[in-house]
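What follows is a set of notes on a single structure, which appears directly below.
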Amino acid sequence: MRKLIVSEFITLDGVIQAPGGADEDRDGGFTHGGWTLPYWHDDIGKAFVGLMQDVDAFLLGRRTYVTHAQAFEPLPKGDFFGDLMNGPAKYVVSTTLEKPIWRNTTVIRGNIIESVRALKAQSGGSIITDGSSQLVHTLLAHDLVDELHLLLYPLALGGGKRLFPDGKTTRFSLRQATPYPSGVVGLDYVRAA
(Lines of atoms letter the chains of each structure in order from A and count residues from 1; the text may use other names and numbers.)
(Lines give C-alpha, C1' and ligand atoms only; values in the text may rest on other atoms or scores of the structure.)
Protein backbone atom coordinates (compact mmCIF):
# COMPACT_ATOMS: atom_id res chain seq x y z
CA MET A 1 0.00 0.00 0.00
CA ARG A 2 1.23 3.48 -0.86
CA LYS A 3 1.94 6.04 1.86
CA LEU A 4 0.04 9.30 1.95
CA ILE A 5 2.27 12.09 3.24
CA VAL A 6 1.01 15.52 4.31
CA SER A 7 3.77 18.12 4.01
CA GLU A 8 3.06 21.56 5.41
CA PHE A 9 4.66 24.84 6.43
CA ILE A 10 3.17 25.57 9.86
CA THR A 11 3.37 28.32 12.48
CA LEU A 12 3.71 27.81 16.22
CA ASP A 13 -0.06 28.35 16.53
CA GLY A 14 -0.89 25.79 13.84
CA VAL A 15 -1.58 28.08 10.85
CA ILE A 16 -0.81 26.73 7.37
CA GLN A 17 -2.52 29.47 5.32
CA ALA A 18 -0.67 31.34 2.55
CA PRO A 19 2.93 30.58 3.46
CA GLY A 20 4.40 31.54 0.10
CA GLY A 21 2.95 34.90 -0.93
CA ALA A 22 0.97 37.92 0.19
CA ASP A 23 -1.96 37.23 -2.14
CA GLU A 24 -1.83 33.43 -2.05
CA ASP A 25 -4.94 33.05 0.12
CA ARG A 26 -6.81 35.99 1.63
CA ASP A 27 -9.80 33.94 2.87
CA GLY A 28 -11.22 35.26 6.10
CA GLY A 29 -9.37 38.55 5.67
CA PHE A 30 -5.97 36.83 6.10
CA THR A 31 -3.25 39.47 5.70
CA HIS A 32 -0.11 37.56 6.71
CA GLY A 33 0.65 35.75 3.45
CA GLY A 34 4.30 35.03 2.67
CA TRP A 35 5.30 34.38 6.29
CA THR A 36 7.87 31.69 5.37
CA LEU A 37 10.08 33.90 3.22
CA PRO A 38 12.28 35.49 5.94
CA TYR A 39 13.18 32.01 7.24
CA TRP A 40 14.38 30.32 4.05
CA HIS A 41 17.55 28.25 4.22
CA ASP A 42 18.98 26.06 1.45
CA ASP A 43 18.92 23.03 3.77
CA ILE A 44 15.10 23.28 3.81
CA GLY A 45 15.13 22.95 0.02
CA LYS A 46 17.51 19.98 0.19
CA ALA A 47 15.22 18.23 2.68
CA PHE A 48 12.24 18.76 0.35
CA VAL A 49 14.16 17.30 -2.59
CA GLY A 50 15.00 14.30 -0.39
CA LEU A 51 11.34 13.86 0.57
CA MET A 52 10.28 13.95 -3.08
CA GLN A 53 12.58 11.07 -4.12
CA ASP A 54 9.93 8.42 -3.37
CA VAL A 55 6.92 10.54 -4.43
CA ASP A 56 5.19 9.78 -7.69
CA ALA A 57 1.84 11.51 -7.09
CA PHE A 58 0.41 14.76 -5.75
CA LEU A 59 -3.04 14.83 -4.14
CA LEU A 60 -4.28 18.41 -3.91
CA GLY A 61 -7.33 20.54 -3.33
CA ARG A 62 -8.37 22.75 -6.23
CA ARG A 63 -6.94 26.04 -4.96
CA THR A 64 -3.54 24.59 -4.10
CA TYR A 65 -3.56 22.71 -7.40
CA VAL A 66 -4.16 25.92 -9.38
CA THR A 67 -1.43 27.78 -7.46
CA HIS A 68 1.04 24.95 -8.11
CA ALA A 69 0.03 24.54 -11.75
CA GLN A 70 0.48 28.23 -12.48
CA ALA A 71 3.94 28.16 -10.88
CA PHE A 72 5.33 24.87 -12.23
CA GLU A 73 3.61 23.96 -15.50
CA PRO A 74 5.40 26.76 -17.40
CA LEU A 75 8.87 25.60 -16.28
CA PRO A 76 10.79 24.05 -19.18
CA LYS A 77 11.90 20.43 -19.28
CA GLY A 78 15.37 20.26 -17.78
CA ASP A 79 14.64 22.82 -15.05
CA PHE A 80 15.57 20.91 -11.87
CA PHE A 81 12.67 22.12 -9.73
CA GLY A 82 10.25 22.05 -12.65
CA ASP A 83 11.10 18.42 -13.36
CA LEU A 84 10.74 17.57 -9.66
CA MET A 85 7.26 19.10 -9.47
CA ASN A 86 5.97 18.31 -12.96
CA GLY A 87 7.07 14.66 -13.04
CA PRO A 88 4.62 13.08 -10.57
CA ALA A 89 1.00 12.34 -11.44
CA LYS A 90 -1.46 14.91 -10.11
CA TYR A 91 -4.81 14.17 -8.50
CA VAL A 92 -6.99 17.17 -7.76
CA VAL A 93 -10.15 17.01 -5.68
CA SER A 94 -12.65 19.41 -7.19
CA THR A 95 -16.25 19.74 -8.25
CA THR A 96 -15.59 23.06 -10.02
CA LEU A 97 -12.40 22.59 -12.05
CA GLU A 98 -13.53 22.39 -15.66
CA LYS A 99 -10.28 21.36 -17.33
CA PRO A 100 -6.88 20.36 -15.87
CA ILE A 101 -4.21 23.02 -16.33
CA TRP A 102 -1.20 20.94 -15.21
CA ARG A 103 0.19 17.98 -17.09
CA ASN A 104 -0.70 14.44 -16.05
CA THR A 105 -3.75 15.43 -13.97
CA THR A 106 -6.74 13.36 -12.91
CA VAL A 107 -9.71 15.20 -11.41
CA ILE A 108 -11.44 13.45 -8.48
CA ARG A 109 -15.08 14.53 -8.46
CA GLY A 110 -16.78 11.64 -6.72
CA ASN A 111 -16.38 10.05 -3.31
CA ILE A 112 -13.14 11.52 -1.98
CA ILE A 113 -12.60 8.91 0.72
CA GLU A 114 -13.10 5.91 -1.56
CA SER A 115 -11.06 7.53 -4.33
CA VAL A 116 -8.12 8.16 -1.98
CA ARG A 117 -8.34 4.63 -0.56
CA ALA A 118 -8.24 3.25 -4.10
CA LEU A 119 -5.30 5.49 -4.98
CA LYS A 120 -3.40 4.32 -1.89
CA ALA A 121 -4.12 0.69 -2.77
CA GLN A 122 -2.44 1.02 -6.18
CA SER A 123 1.19 0.10 -6.63
CA GLY A 124 3.63 2.97 -6.80
CA GLY A 125 5.56 5.47 -4.73
CA SER A 126 4.34 7.82 -2.05
CA ILE A 127 1.51 10.31 -2.50
CA ILE A 128 2.11 13.82 -1.17
CA THR A 129 -0.39 16.49 -0.18
CA ASP A 130 0.51 20.06 0.71
CA GLY A 131 -1.57 23.16 1.35
CA SER A 132 -5.11 21.97 0.64
CA SER A 133 -6.42 22.62 4.17
CA GLN A 134 -9.97 21.38 3.55
CA LEU A 135 -8.74 18.21 1.87
CA VAL A 136 -6.19 17.61 4.64
CA HIS A 137 -8.94 17.93 7.26
CA THR A 138 -10.93 15.26 5.41
CA LEU A 139 -7.91 12.97 5.07
CA LEU A 140 -7.08 13.30 8.78
CA ALA A 141 -10.69 12.80 9.84
CA HIS A 142 -10.75 9.48 7.96
CA ASP A 143 -7.30 8.25 9.13
CA LEU A 144 -5.85 8.31 5.62
CA VAL A 145 -2.64 10.19 6.49
CA ASP A 146 0.39 7.97 7.08
CA GLU A 147 3.07 10.61 7.65
CA LEU A 148 3.32 14.31 8.49
CA HIS A 149 6.32 16.31 7.32
CA LEU A 150 6.02 19.69 8.99
CA LEU A 151 8.29 22.69 8.78
CA LEU A 152 7.58 24.54 12.03
CA TYR A 153 8.26 28.27 11.74
CA PRO A 154 9.18 30.35 14.81
CA LEU A 155 6.23 32.72 14.71
CA ALA A 156 2.55 32.82 15.62
CA LEU A 157 0.01 34.60 13.43
CA GLY A 158 -2.98 34.60 15.76
CA GLY A 159 -5.40 33.28 13.18
CA GLY A 160 -5.78 31.60 9.84
CA LYS A 161 -6.45 28.16 8.41
CA ARG A 162 -5.15 25.42 10.67
CA LEU A 163 -3.68 22.02 9.96
CA PHE A 164 -5.89 19.91 12.21
CA PRO A 165 -9.68 19.80 12.12
CA ASP A 166 -11.63 20.48 15.30
CA GLY A 167 -13.07 17.53 17.17
CA LYS A 168 -10.72 14.79 15.94
CA THR A 169 -7.99 13.18 18.01
CA THR A 170 -5.13 12.08 15.80
CA ARG A 171 -1.93 10.52 17.12
CA PHE A 172 1.46 10.52 15.43
CA SER A 173 4.90 9.44 16.62
CA LEU A 174 7.95 11.64 16.08
CA ARG A 175 10.51 9.95 13.83
CA GLN A 176 12.93 12.83 13.43
CA ALA A 177 13.40 16.51 14.29
CA THR A 178 15.79 18.64 12.25
CA PRO A 179 16.60 22.22 13.32
CA TYR A 180 17.64 24.63 10.59
CA PRO A 181 19.88 27.71 11.06
CA SER A 182 16.97 30.09 10.34
CA GLY A 183 15.00 28.85 13.36
CA VAL A 184 12.70 26.52 11.42
CA VAL A 185 12.41 22.95 12.71
CA GLY A 186 11.62 20.04 10.41
CA LEU A 187 9.34 17.55 12.16
CA ASP A 188 8.87 14.12 10.62
CA TYR A 189 5.97 12.09 12.10
CA VAL A 190 4.46 8.69 11.34
CA ARG A 191 0.96 7.63 12.27
CA ALA A 192 0.96 6.00 15.70
CA ALA A 193 0.01 2.33 15.79
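Residue numbers (the working numbering): 3 to 195. Cβ atoms here follow ideal geometry from the backbone N, Cα and C, with glycine treated the same way.
Measure how close the beta-carbons of residue i and residue j come, nearest whole angstrom, since I'm counting them as under 8 Å.
i	j	result
S134	T66	4 Å
F50	Y93	The pair is not a contact, with the Cβ atoms about 20 Å apart (cut-off 8 Å).
L99	V118	About 17 Å separates the two Cβ atoms, so there is no contact after all.
I129	K122	7 Å
V95	L137	5 Å
Please determine, among the options, the residue with the shortest C-alpha to C-alpha distance to residue i.
i	options	result
D25	R64, T69 and E10	T69
R64	P90, W104 and A123	W104
M3	S125, V118 and R177	S125
K79	A71, D27, L121 and N88	N88
P21	Y93, V8, W37 and V94	W37
T97	T108, G52 and A91	T108
G23	G35, D29 and G30	G35
L157	F11, F174 and K5	F11
T140	G160, L159 and T172	T172
G31	R177, P102, L159 and Q178	L159
L142	R28, V192 and G112	V192
G52	V186, S9, Q19 and F174	S9
G127	S175, P90, H144 and L77	P90
N106	N113, Q19, E75 and D190	E75
N113	H144, S175 and R28	H144
Buried or exposed for residue i, please, with buried defined as at least 16 other CB atoms from any protein chain shown within 10 angstroms of its CB.
i	result
V2	The structure shown does not extend to residue 2, since the chain spans only 3 to 195, so no value can be given for it.
K170	exposed
I110	buried
D132	buried
A195	exposed
L62	buried
D168	exposed
L6	buried
A120	exposed
Q178	exposed
D29	exposed
Q19	buried
Does the Cβ of residue i lie closer than 7 Å to at least one heavy atom of the ligand SAH?
i	result
L153	This structure lacks the ligand SAH, and indeed carries no ligand of any kind.
When the Cβ atoms of the region 15-35 are set against those of the region 164-182, are three or more pairs found closer than 8 Å? yes
Runs of 3 residues minimum, wholly inside the region 82-163: which ones carry the beta strand (DSSP E) assignment? 91-95, 107-110, 128-132 and 149-155
Does the count of Cβ pairs from the region 148-162 and the region 79-94 closer than 8 Å reach three? no
Cβ pair count under 8 Å reaching 3, the region 42-61 against the region 177-184: yes
At 4 residues or longer, and completely inside the region 17-82: list those alpha helix (DSSP H) runs for me, N to C. 44-54 and 64-74
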